[in-house]
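J.: Just so we're aligned: the sequence shown equals residues 4 to 440 in the numbering used here.
Glycine included, each C-beta is placed from N, C-alpha and C at the ideal position.
Structure below; questions to follow.
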Amino acid sequence: MNRKIKWIIASVLGLWLVVTLVWFGFDLDGKYSWVIGSERVAIPDSTITDTVVVVEEDDYTLYGIDTRDFEVVDGVVEKNQFLHNILNPHGISALQLDDIGRRLKDTFDVRYMKVGKKYLLVLNKDSARSVRYFVYEIDNTDYVVYDFDSTLKAYRGRKPIVTETRETGGVINSSLYLTLDEQNASPTLAIELSEVYAWAVDFYRIQKGDWFKVIYDEKFVDGKSIGVSKIHGAVFNHYNRDYYAIWFDYAEQEGDYFDQNNNCCRATFLKAPVKFSRISSRYSLSRKHPVTGVVKGHFGTDYAAPYGTPIVSTANGVVLEAMFSKYNGNYVKIKHNSMYTTQYLHMQKIATGMRPGVRVQQGQVIGYVGSTGLATGPHVCYRFWLNGKQVDALRVEMPPAEPVKEEYKEEYEKVKKAMMERLDAIKVPGVEQIASK
Ligand SMILES: [Zn+2]
C-alpha cells in the first residue's frame, strides 16, 4: 500500500519534471519556429521533435531574444578569457558559474569555449547592468543561450540556414582553386570537386585549357557562405575528354556519382589509405628490413605520414581483425569480398568500434598513423591480398567501377539526361557550347 502511493507520487513528480523541462527549457513563450534542414517549419503547438530551436530574426530579435528592453554588448572570446572573466563584472556568482559548468553541461560544456568565437551579453537596464542572457556562438550555425531569469536555464538554438543552388564553370589556366577564386566561388567547392573526381582526374596534373562546369548547393548563414553542401552534377573536360559526374539517389540514404556511360565515378579501391602522405617503401620481394637488417621481402607499401594522421579503409568491407601483435603493432585487416583483403599496420591507435564483423565504408577512418610493432618511424604499412596471395597494391589490376544497377537504370537515364542538359547549357567563356550527348 505504502509502496503504491510512493510509486504514484514519484510518477507524478517525474512527469511534471519532464513537462517543465521540455516546455520551459525550449520554448519559453511559444513563438519560435523550428527548422529541419534548411526548410523553415512552424512548430505545431504541442509537438517538439528536436532540441534545436531556430528563430526568425528581425531587427531587435537577436538569437531569438527580444532585446528592446535590454542593453546589448557583443564580443569575441579573447585569449586567456574564460566564462568567469566575461560574466563576473555583471554580478554572476561563483555558484551560478558552477551551475553552468555542471548542471547545464549537457546543453553545452563551457570548457569547450574557444578563442575567437562570438558572444552576446543581454543586460538588464539596472544600475548593476546585471545579465539577463548570455549567448555563445558554438559554430557558424549553432549557439547556446543562458537565461539568468529567476532559475538559470540553458538551451541551444540554430540560425536559419539558407541553401542556394548555384552553377559555375571555368577554363583552368593555373589551378582549379585559383579559377574558382576568380569567380568568387566558395573555396570549399574546389575541395568538393576534387573529391568527386578523385578517381578520374589527378588535380596535380591539370592541363592548361581543361575546363569544368558544376551545379551545386551552397549554404548561407547571416548572408555569409558557410560552404558547399552538395554537388548535384559536374562535367570536367580533361585532356579533351568529358568526365561527367551526376549525383543519383537510387535508394533511400543511398546515392553516388555516375558518369555518362552509367558507370560509378568512384573506383572500388582508393589509391592510398592516407591522404597527403609519401610512399617511403614499396612492395618488394627482397628488402633489407630497416629495424632487423634482415633481407626479406616487403609485402606491403609503406606510407609515411605524421603521428595521428587518420588511416582509412580503401574500400567497403568487413573487419576481419583489429588487434595488436608484436611485429604488426596495432593493425586492422579488412575483407572486401571473396577476392580482395587489405591490412593496415603500425597504428598508433585503432579507431573506436573496430572489431571483427563490423562493416566499414570506403574512406571510413579505421585507425591513426603510428609506429607500433616493428617500425622505425610513423607510417602505415598497407598490405593487399588478391585471392589469398599478397600482391603489390600499386600494380594489381583493380576491379572496375560498378555501373548503375539494372533495376535503377531507367530512372538514372532520366536523371542523367536532365542533368547533362543543364550542365551543357552553362555558358563558360572560352568553351563552345557542346551538343547534348
Ligand atoms: Zn611495410
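Any heavy atom of ligand 1 closer than 7 Å to the CB of Ser374?
T.: Incorrect: Ser374 has no Cβ contact closer than 7 Å to ligand 1.
J.: My guess is that Leu389 and Tyr347 are in contact by the Cβ rule of under 8 Å, so how many angstroms apart are they, rounded?
T.: Contact doesn't hold; Cβ gap of about 17 Å is too wide.
J.: Less than 7 Å between the CB of His301 and some heavy atom of ligand 1, yes or no?
T.: yes
J.: Exposed or buried, what is Val217 when buried is set at 16 or more other beta-carbons lying within 10 Å of its beta-carbon?
T.: buried
J.: Quick test of the definition: if touching needs 3 or more C-beta pairs under 8 Å, does the segment 229-236 touch the segment 179-195?
T.: As far as the Cβ criterion goes, the segment 229-236 touches the segment 179-195, which means the pair count is three or higher.
J.: Could you please give the first and the last residue of the uninterrupted alpha helix (DSSP H) stretch that includes Ile229?
T.: Careful: Ile229 lies outside any alpha helix (DSSP H), inside the beta strand (DSSP E) at 227-241.
J.: Could you pull out every residue in the same chain whose Cβ sits closer than 7 Å to the Cβ of Tyr371, ignoring the five residues on either side in sequence?
T.: Gly311, Thr312, Pro313, Ile314, Met350, Gln351, Lys352
J.: Between which residues of its own chain and Tyr149 is the CB-CB distance below 6 Å, once the five residues before and five after are set aside?
T.: Phe137, Ala157
J.: Closer than 8 Å by C-beta to Asp152: which residues in its own chain qualify, once you throw out the five before and the five after it? Chain order, please.
T.: Arg135
J.: How big is the Cα-Cα spacing for Ile234 and Leu126?
T.: 44 Å
J.: Determine, using beta carbons only, whether Glu170 and Phe223 come nearer to each other than 8 Å.
T.: no
J.: Suppose you measure from the CA of Glu42 to the CA of Asp220; what does that come to, to the nearest Å?
T.: Note on Glu42: pLDDT 29, under 50, position unreliable in the model; the coordinate value appears next. One C-alpha to the other measures close to 14 Å.
J.: Determine the burial state of Phe272: buried for a count of at least 16 other Cβ atoms within 10 Å of its Cβ, exposed for fewer.
T.: buried
J.: Using a 10 Å radius around the Cβ and a threshold of 16 neighbouring Cβ atoms, would you call Lys430 buried or exposed?
T.: exposed
J.: Can you name, in chain order, every residue of its own chain whose Cβ lies under 8 Å from the Cβ of Ile12, other than the five neighbours on each side?
T.: none
J.: Can you find a heavy atom of ligand 1 that lies under 7 Å from the Cβ of Ser280?
T.: no
J.: Taking the alpha helix (DSSP H) that Tyr415 belongs to, which residues open and close that run?
T.: 412-428
J.: In whole angstroms, what is the alpha-carbon distance linking Val15 and Lys9?
T.: 10 Å
J.: Among the candidates Asn240, Lys120, Gly360, whose CA atom is the shortest distance from the CA of Tyr200?
T.: Asn240
J.: Would you mind sorting Leu181 into buried or exposed? The rule is 16 or more other CB atoms within 10 Å of its CB.
T.: The residue is exposed, with fewer than 16 neighbouring Cβ atoms inside 10 Å.
J.: To which residues of the same chain is Ile209 closer than 6 Å at the C-beta, ignoring the five residues directly before and after it?
T.: Ile175
J.: To the nearest angstrom, how far is it from the Cα of Asp62 to the Cα of Asn187?
T.: 29 Å
J.: Arg269 and Ala404: beta carbons closer than 8 Å?
T.: In this structure, Arg269 sits near Ala404, with a CB-CB distance shorter than 8 Å.
J.: Straight-line CA distance for Ile282 to Pro402?
T.: In this structure, the CA atom of Ile282 is about 23 Å from the CA atom of Pro402.
J.: Taking only three categories from DSSP, how would you classify Arg169?
T.: It is a strand residue.
J.: Taking only heavy atoms of ligand 1 into account, decide whether any of them is closer than 7 Å to the Cβ of Asp395.
T.: No.
J.: Report the rounded CA-to-CA distance for Thr375 versus Ala97, giving the unit in angstroms.
T.: 46 Å
J.: Between Ser284 and ligand 1, is the CB less than 7 Å from at least one heavy atom?
T.: yes
J.: Which one of Asn264, Arg105, Val322 has the shortest CA to CA distance from Pro406?
T.: Asn264
J.: Run through DSSP, which three-state label would Trp202 get?
T.: coil
J.: Considering only heavy atoms of ligand 1, does any lie closer than 7 Å to the CB of Cys268?
T.: no
J.: Would you mind working out which of Val297, Val294, Ala275, Tyr306 sits nearest Ser284, comparing C-alpha positions?
T.: Scanning Val297, Val294, Ala275, Tyr306 for the CA closest to the CA of Ser284 turns up Tyr306.
J.: What separation, rounded to the nearest whole angstrom, lies between the Cα atoms of Gly226 and Ile89?
T.: Gly226 and Ile89: Cα-Cα distance of roughly 28 Å.
J.: Mind listing, in chain order, the continuous alpha helix (DSSP H) runs of no fewer than 4 residues lying wholly within the segment 59-117?
T.: 86-90, 97-105
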